[in-house]
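Let me begin by presenting the structure, written as structure tokens, before commenting on it.
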Amino acid sequence: MTLGENIRRKRLEYDLTQLELAKRVGVTKAMICYYEQGVKLPSIATLISMADTLHCSIDELLGRKAS
Numbered sequence: 140m141t142l143g144e145n146i147r148r149k150r151l152e153y154d155l156t157q158l159e160l161a162k163r164v165g166v167t168k169a170m171i172c173y174y175e176q177g178v179k180l181p182s183i184a185t186l187i188s189m190a191d192t193l194h195c196s197i198d199e200l201l202g203r204k205a206s
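Going letter by letter, the sequence shown gives residues 140 to 206 in the numbering used here.
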């Protein structure tokens, strides 16, 4: 899965709208949409904030398997 697909999957797992996630992370709803569509990539700081908000690791969002 792509980063965008993983963000969307985790967001829906916690029953959050794009707007709710955006407010918690400190970006716009449009940016969440761009991330999910793969149009843009989040900064490291935003990625950390998303992982914390979605109760997962950055590796999980990036689709990396733990070794």
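Note that the Cβ used here is the ideal one computed from N, Cα and C, for glycine as well.
Decide if residue i is buried, meaning its Cβ has at least 16 other Cβ atoms within 10 Å, or exposed.
i    : result
M189 : buried
R147 : buried
L200 : buried
If residue i and residue j are in contact, beta carbons under 8 Å, what's the gap, nearest whole angstrom?
i    : j    : result
T207 : L160 : The question about residue 207 has no answer, for the chain in this structure spans 140 to 206.
C195 : K149 : 6 Å
Considering only residues of the same chain and omitting the five flanking positions on each side of residue i, which have a CB-CB separation below 7 Å?
i    : result
L143 : Checking the sequence shown, residue 143 turns out to be Gly, not Leu. Answer for G143: Y174, E175, Q176 and G177, listed in chain order.
I171 : Q157, L160 and A161
P181 : Y174 and M189
Alpha helix (DSSP H) containing residue i: first to last residue?
i    : result
L155 : It is not in any alpha helix (DSSP H) - L155 carries neither H nor E in the DSSP assignment.
K179 : Element bounds for K179: n/a, residue is neither H nor E.
L200 : I197 to L201
So, for residue i: in the same chain, excluding its five sequence neighbours on each side, which residues have a beta-carbon less than 8 Å away from its beta-carbon?
i    : result
V164 : I171, T185, S188, M189 and T192
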